[in-house]
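The structure appears below as structure tokens.
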């Protein structure tokens with residue numbers, strides 16, 4: 588169960604806003620880069636975000652550059668999950684790959700500062716401040732498996748390969764692909 | 011049932027027919043990394059030393075994002091990548107050789123291949139009939155380590171582009187118009203397939219502009235069927251034997267069909283701060299512009315520089331407007347030099363940047379000042395993109411850029427062609 592305060596953002600928050608190019612030289616120093624996370628979208632966030640807080644955004648969060656550093660520095664600042672109405676494709680994969688939960692749900696009803704509780708396994712988001720419950724869209728099986736292993740590096744270290752199951756819980760018929768899951 | 015190009019290419023790699031929506035593991039034919047996201051790939055590979063590195067043989071390293079390096083931290087990242095290339099004997103393109111996507115199509119990508127790159131515009135190689143897609147560092151590190159990746163077979167939007175290009179309208183205007191139609195997330199997780207008489211008539215270099223910008227609709231990749239022009243392109247680049255015809259089946263299943271009549275298009279720009287806020291140039295004419303950038307992976311090919319040079323020949327840039335030229339590769343720079351375009355740009359008051367990403371992502375070579383306005387032929391105009399969140403970026407064609415450089419204000423290129 589995750590519990591924290593909501594930081595609200597709008598639609599189309601790009602990776603250029605999450606990890607600005609002017610700090611490109613800090614990519615080899617992620618704790619330093621993380622001090623600037625999202626500062627072009629909301630300077631207050633970079634200054635005041637607390638561990639376990641949650642990012643709550645509109646449509647197409649994380650569009651643009653494939654820079655994984657964007658997801659990495661969000662996680663590094665202790666954000667426990669990002670909730671959005673939709674995510675850009677590469678950011679979505681990157682977040683799962685580094686073990687940052689990303690949740691698709693109707694974020695319109697959540698306001699800045701609301702206290703949220705997220706149960707990833709049960710697929711529920713509760714806005715404690717407003718006393719409302721929101722459904723979340725389940726992750727594809729493969730992404731859930733990667734997330735539960737703590738990211739893609741851990742996943743392939745553990746399995747020696749992708750452990751790819753279809754959404755219906757059956758192994759893919761691809762011979763080149765999946766190993767038996769443990 | 012027929013199959014789309016994406017389904018066919020992925021199916022060939024899986025060894026059976028696949029349909030949109032399936033999750034599959036596929037062998038990757040090539041991996042691409044650069045100095046922005048590559049150092050993380052190298053560091054992650056160190057954690058995956060037990061794995062066989064099956065993808066290493068066709069991995070390429072390009073130093074293009076901060077090249078030549080403007081800071082010691084980035085110089086050290088370049089050293090890391092050079093050492094990696096030396097130790098693993100993978101191919102490296104060093105500073106000044108070009109943008110990774112242009113180098114990929116000039117030197118590596120072939121029809122029918124699956125290519126993953128740690129850069130979102132990897133999809134550009136789709137104009138050669140490759141399924142090429144951008145991913146993050148971890149996905150590419152694992153792709154190199156295992157020689158494969160997992161994909162969801164994408165649904166496809168068919169983009170039919172028909173009609174004669176009016177004067178002053180180019181592939182970039184088509185790309186921007188399409189992004190305006192679909193929106194910045196209108197094709198998330200989909201593939202775009204570009205067909206139609208206008209696409210057939212485009213040079214391969216112009217098609218790269220279309221497939222490059224596919225990701226700006228959220229798409230996973232953009233594809234064009236291969237034809238004699240692609241065969242000729244590969245022959246010119248020493249890979250004629252790798253040519254093959256690839257196209258969708260006639261009965262392929264498309265999620266959406268979008269028709270664009272090029273003859274009705276006007277020169278188009280994308281206004282700050284999102285790529286889908288498009289408008290005809292004539293609607294925003296007159297905005298004062300401090301810097302014009304012509305080039306980058308989106309529009310830094312010989313065709314693009316030819317269009318700009320024709321407009322700029324015998325003219326000067328406006329005294330208050332800087333003009334930066336960023337050729338996409340050394341090959342382009344040499345050809346542009348031999349064609350006289352480089353002299354034209356210099357005589358017009360332009361600055362020739364080394365082949366590479368140039369000022370596109372705000373690391374060097376033309377970072378904007380507070381409140382400054384830039385017209386660029388690059389692919390993104392997000393807030394802060396060119397190094398300053400207080401600057402404004404308009405995206406347009408090389409013709410729009412060249413016309414604007416002369417007048418110092420956003421200018422419809424039809425006044426000059």
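Residue numbers (my numbering), protein chains in the order written: chain A, 588 to 769; chain B, 11 to 427.
Note that the Cβ used here is the ideal one computed from N, Cα and C, for glycine as well.
Computed from a predicted structure; not experimentally measured.
Going by the CB atoms, is the gap between residue 685 of chain A and residue 670 of chain A shorter than 8 Å?
no
Per-residue burial, residue 718 of chain A [other beta carbons within 10 Å of its own, 16 or more giving buried]:
That one is exposed.
Would you list, in chain order, the members of the region 716-732 of chain A that have their beta-carbon closer than 9 Å to a beta-carbon of chain B?
727, 728 and 729
Measure the C-alpha to C-alpha separation of residue 224 of chain B and residue 133 of chain B and round it to an integer number of angstroms.
7 Å
Member of A:642, A:725 and A:679 whose CA lies at the smallest distance from the CA of residue 230 of chain B:
A:679
Is the region 78-87 of chain B touching the region 158-177 of chain B in the sense that three or more CB pairs, one from each, lie closer than 8 Å?
no
Nearest to residue 271 of chain B (by Cα), restricted to the options B:150, B:191 and B:18:
B:191
If you drop the 5 nearest sequence neighbours on each side, which residues of the same chain put their C-beta closer than 6 Å to that of residue 595 of chain A?
The beta carbon of residue 595 of chain A sits closer than 6 Å to those of 643 and 699, all from its chain and outside the five residues before and after it, given in chain order.
Contact set between residue 199 of chain B and chain A, taken where Cβ atoms lie within less than 7 Å
676
Hey, quick one: how far does the alpha helix (DSSP H) through residue 351 of chain B stretch, first residue to last?
Counting along the chain, the alpha helix (DSSP H) containing residue 351 of chain B begins and ends at 351-357.
Contact check, residue 4 of chain B vs residue 346 of chain B, beta carbons under 8 Å
Residue coverage of chain B in this structure runs from 11 to 427, which leaves residue 4 of chain B outside it and unanswerable.
Could you tell me whether the region 326-333 of chain B touches the region 387-400 of chain B, using the rule of 3 or more Cβ pairs below 8 Å?
no
Residue range of the unbroken alpha helix (DSSP H) whose run includes residue 410 of chain B:
408-417
Tell me whether residue 170 of chain B sits in a helix, a strand or coil according to DSSP, three-state version.
strand
For residue 612 of chain A, return the contacting residues in chain B, with the cut-off set at a CB-CB distance below 7 Å.
Here the neighbours are 81, 83 and 84.
In its own chain, which residues sit with a C-beta less than 6 Å from the C-beta of residue 768 of chain A, not counting the 5 before and 5 after it?
Residue placement at residue 768 of chain A is poorly supported in this model, since its pLDDT is 34, which falls under 50; the coordinates still yield a value, given next. These residues qualify, in order along the chain: 750.
Residue 159 of chain B versus B:424, B:145 and B:172, residue with shortest Cα-Cα distance:
Scanning B:424, B:145 and B:172 for the CA closest to the CA of residue 159 of chain B turns up B:145.
In whole angstroms, give me the CA-to-CA distance for residue 608 of chain A and residue 662 of chain A.
19 Å
Beta carbon proximity, residue 639 of chain A to chain B, threshold 8 Å
Residue-level contact check: residue 639 of chain A does not touch chain B, since none of the beta carbons of chain B fall below 8 Å from its beta carbon.
So is residue 356 of chain B buried or exposed if we call it buried at 16+ other beta carbons inside 10 Å?
exposed
Counting only runs of 4+ residues fully inside the region 668-737 of chain A, write out the alpha helix (DSSP H) ranges in chain order.
676-684 and 728-735
Looking at residue 715 of chain A and residue 666 of chain A, is the spacing between their C-beta atoms short of 8 Å?
no
Using three-state DSSP, classify residue 395 of chain B as helix, strand or coil.
coil
Cβ of residue 428 of chain B less than 8 Å from any chain A Cβ?
In the structure displayed, chain B extends from 11 to 427; residue 428 of chain B sits before or after that span and is not available.
State yes or no: is the C-beta of residue 157 of chain B within less than 8 Å of the C-beta of residue 627 of chain A?
no
Consider the Cβ of residue 749 of chain A: report whether some Cβ of chain B lies at a distance smaller than 8 Å.
yes
In whole angstroms, what separates the C-alpha of residue 414 of chain B from that of residue 278 of chain B?
Cα-Cα distance, rounded: 13 Å.
Going by CA-CA distance only, name the one from B:373, B:351, B:315 and B:408 that's closest to residue 45 of chain B.
B:373
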